[in-house]
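Under numbering that gives the first Met the number 0, the letters of the sequence shown match residues 0 to 715, in that order. Glycine is no exception: its CB is placed at the ideal position from the N, C-alpha and C atoms. Before any comments, here is the structure.
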Amino acid sequence: MNIKVLPVLAMVAVLSGMTSVSAQKKAMDHDVYDSWQSVSDIQKSDDGNVLVWCVNPQQGDGTLYVRNMTPEKKGKASCREISIPRGYQASLDPKGKWLYLRIKPQFATTRQEKIDKKKSEKMTKDTLAVVDLSTMTVKKYGRVDSYTTGSLAKPYIAYKSTWKHFKDSTDKKGTDKSGLIILNPATDRKDTLKYIDAYSFNQDGTTLVMTSKKDKKDSLSVSAVLIAHAPACLDTLVKGAESYRRLTFSDAEDQLVFLGSKDKSKNRNKCQALYLTTIQAVKTGKTVRQAHRPLMEVADSSTVISKDGKWAYSTKEIIAEGTKVEGTPGWTLNENTELQFTPDGKRLFLGIGAIRPPKDTTIVDFETAQLDIWNWDAVLTPPQQRLNVNKKLKKTYSATIDLTEPGKIVPLTTSYFDNIRYMNGGLSEWVLMADNSKYARTAVWDYNNRYDFSLVNVKDGSRKVVAEGLNVGRFDMSPSGKYLVWFDSDEMNWFTYNTQTGEKVNLTAQTGVPFYDEEDDHPTAAPAHEFSPKWLKDESAVFIIDRYDIWKFSPDGVTAVNLTGSVGRQTHNRFKIFDPKPDTRKPNERRCGLIKPLDPKQTIFLSVFNEDSQEYGYGSLNLAKPTKTLKYFTDTVSFKYIAGTLSTDRLFYQKGNFRNCYDLYYTDDFFASSTKVSAINPQMAGYRWGRAELFRWKAYDGTPLKGLVFVPDGVK
């Protein structure tokens, strides 16, 4: 696209053409820039009735707004709104019950403390605010360092705080105390725990897991992993190691994994043991159990029963500390290991790496010669190597454990250059590995994006080559992993690869239209228009866009249908598929890249951009009858943000342009009507501004070009 911005017209023209109205307005100067506001951090409840957003100036104190549009009991519409000065880092309950946020100190206060070079621990702390959304009342709790709560529900909140402890009435200064506070906002009950390091809730916000650490001043303190199903019910899962880390729940929340180390060394990375805790509800007549956790009878002495008698925890060390992984150069689990369940909780992906020898403290740097050799065939130059040394030392390599038969780690790669992609959200017996080690050096000058692709079996680590030296612009896969799909930058077409049969098919050559950016003028391969192809549930079709239209291909290449009926190419409208609905995938489904497919009868949303008018807009069509149901609009504004709700048709969005600020709106009828929510920068009405006009001209070689001319107020 040839879009250029032309310089603003000369000041002489401004002065000569200025009207009396614009002459009465003030000219902008540098002093007003910092007061210009923007909307950010937008959140909404699942039903769209509770909306939270921040309005922040470029410099200074912002404001957090909360609007509750939930109808009253009598059925009358209700709209209540509160503002909280300096509010930020909000966490909204999807069910619309609670809102948690932090409140900053005043900007001037923090600025002066920085000028005075106060230590961070002595600076004014944030305040925690809890909003009861049913009454729109706010409670505040001082001196908060951090907080966490659930993601799907937020009945409790845990936060680290500091406070002054006074021995008696004669103690005027007091001493600083700190700890983790677990708060039940419904009852205002608070439970305080000391020496807590890491802490996190499960998805529904009912179970809190924590690691405690030893305190040098308290000989009775120990490192441990703690669990609380309710603030008043705290149990210990394991203790005795020097440290614990990486608390990770399964999606069903009936399993918890974490690392532990007894290593006391301080000048090297540390070996880690891997622990697995199973969480089950105890079978009693009075227990109210959660649906995703099975009932159990207490079976063996290693099982710990929670203090309230409702839960059973069984913790086992499944990988011993220092276990060497077969097929690697002595690698093991270390403190940089990340842990990740598959969505079904039957497998664990993790990282393995080397344990470096202790640093030789007898060697001092001023007695050591420095050698700097540049090799022509090195992938990275010495400055790049030095810049990446910490990253390389901390890097771990992908491996996996079958939790139905724990105890054995299967390495999936030992190459620094391998990049892993999980197939079928990690549920497949294969993972996709992309390796560019052969091409990393030549990529410096020929700008290729070449990779060798292989399928790696998670059961034994064996490999099956898919393609070598593939110059890929985009690479993706079908939801189940049956098909791989990529844009070949050499062939300039999209291809599929059947992982079961090994068949490779050119999808787009048959269409007769280019699927790459024809106007890209870089001295490299032109990029594809599509970023991430969409799939039907049964994988009978994949959707890919060209410059204008959306195409539906069968993955075997037999059929190719222009879903938008070439309307885009005829009208110069660019259509793209997007989904404004919230992401409902669970945490491990997201981490494993589980792909959300389309339903054959689904109505999909489209973004629209018209090349001629430079207007933006949105549209929709039903996949069952695409050409008959295609509808769209364009407008002279740009859209910065659009998000839907789970249970309604309500859409929240920001729109604006050079003349109008990007305020927040919502619509219940797909833009037929809209309600404005925010009103930022009212001061703009008092200043001379301008307008943007689309301008067309021809280059010296006759090429037609388009650009924007920004015209000051008062100039015709």
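Here Glu80 carries a strand assignment [DSSP, helix/strand/coil]. Using a 10 angstroms sphere on the CB of Leu98, the tally of other CB atoms reaches 16 or more, which defines it as buried. Judged by beta-carbon spacing, Thr206 lies beyond the 8 Å limit of Thr327, meaning their Cβ atoms are not closer than that value. Per DSSP, Gln36 is one residue of the beta strand (DSSP E) stretching across Gln36 to Lys43. When secondary structure is reduced to three states using DSSP, Ser119 falls in the helix class. Checking the DSSP bridge columns, you'll see Gly350 partnered with Ser397. The C-beta distance from Val224 to Lys213 rounds to 14 Å, too long to meet the 8 Å contact threshold. The C-beta distance from Trp493 to Leu483 rounds to 11 Å, too long to fall under 8 Å, and the pair is not in contact.
Judged by DSSP secondary structure, Pro703 falls within the beta strand (DSSP E) whose first and last residues are Pro703 to Pro711. Val714 and Arg658 have their C-alpha atoms spaced approximately 15 Å apart. For the pair Thr563 and Ile576, the CB atoms are not nearer than the 8 Å cut-off. Rounded to the nearest whole angstrom, the CA to CA distance from Lys358 to Asn268 is 10 Å. DSSP, reduced to helix, strand and coil, places Ile543 within a strand of the structure shown.
The alpha helix (DSSP H) runs of length 4 or more contained entirely in the segment 570-611 are, from start to end of the chain, 586-590.
Note that the C-beta distance between Thr108 and Ile83 is not below 8 Å. Scanning its chain for C-beta atoms nearer than 6 Å, with the 5 sequence neighbours on each side dropped, one finds around Ala691 the residues Phe657, Leu707 and Phe709, in chain order.
Assignment of His228 by DSSP, reduced to helix, strand and coil, places it in the strand class.
Here DSSP, grouped into helix, strand and coil, assigns Tyr155 to coil.
Boundaries of the beta strand (DSSP E) around Thr147: Thr136 to Thr148.
Residues Val65 and Met135 of the same chain have their beta carbon placed closer than 6 Å to that of Ile81, with the five preceding and five following residues left out of the count. A residue is called buried once 16 or more other Cβ atoms fall within 10 Å of its Cβ, and Ile372, having fewer, is exposed. Contact check between the segment 587-597 and the segment 607-616: fewer than three CB pairs, one atom from each, fall below 8 Å, which does not count as touching.
In this structure, Gln601 is the residue among Phe638, Gln601, Phe248 and Leu663 with its C-alpha nearest to the C-alpha of Ala623. Met422 and Met476 do touch by the CB rule: their CB atoms are close to 6 Å apart, below 8 Å. In chain order, Arg142, Val143 and Ile180 place their CB closer than 6 Å to the CB of Ser160, counting only its own chain and leaving out the 5 sequence neighbours on each side. DSSP places Gln384 within a helical segment (H, G or I) once states are collapsed to three. DSSP, reduced to helix, strand and coil, places Gln339 within a strand of the structure shown.
Sorting Trp429, Gly425 and Phe638 by C-alpha distance to the C-alpha of Asp250 places Gly425 at the top. Setting aside the 5 residues that flank it on each side, Arg440 is surrounded in the same chain by Asp376 and Val378, each with a C-beta closer than 7 Å to its C-beta; the list follows chain order. By the Cβ neighbour-count rule, Pro382 is exposed, with fewer than 16 other Cβ atoms within 10 Å of its own. Following the DSSP letters along the chain, one finds Phe106 inside the alpha helix (DSSP H) bounded by residues Phe106 to Ile114.
In this structure, Val464 sits away from Ile408, with a CB-CB distance that is not shorter than 8 Å. The beta carbon of Ala698 is closer than 7 Å to those of Leu704 in its chain, skipping five residues each way along the sequence.
Between the C-alpha atoms of Val54 and Pro586 there is a straight-line separation of about 30 Å. The straight-line gap separating the alpha-carbon atoms of Lys393 and Asn387 is approximately 10 Å. Taking Thr147 as the centre and dropping the five residues before and after it, the same chain places the C-beta of Ala157, Tyr198, Ser199 and Phe200 closer than 7 Å to its C-beta, in chain order.
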